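Residue numbers (the UniProt record's numbering): 1 to 94.
Here it is, written out as structure tokens:
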């Protein structure tokens, strides 16, 4: 599912994680603790953790890599521990 600027992403992750909250190289028991969603003009779509190569949550940026795309998003100002969301600003090939 291609990302584009203006889309929304949500990342749910264990709050004890550092900046990198998901990596496809992690053991399965670690990967299953994350959930991802992508919203475009067609609605809200869950992303399977196995389809997400890497996800990073920083105070000023969210990054999610799926297939051959890397989407960078500006995070929402208000967020709960273990949940990050934001609006996609740029999409790159990776």
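Idealized CB from N, CA, C, for every residue including glycine. All values reported here derive from a predicted model rather than from experimental measurement.
Residue 90 counts as exposed, since fewer than 16 other beta carbons sit within 10 angstroms of its beta carbon.
Between residue 19 and residue 57, the C-beta spacing is below 8 Å. Here residue 22 is buried. Its C-beta has 16 or more other C-beta atoms within 10 Å. Judged by DSSP secondary structure, residue 42 falls outside any beta strand (DSSP E); it is assigned neither H nor E. Residue burial annotation: residue 38 is buried, with at least 16 other C-beta atoms found within 10 angstroms of its C-beta. Annotation for residue 92: the continuous beta strand (DSSP E) segment containing it runs 83-93.
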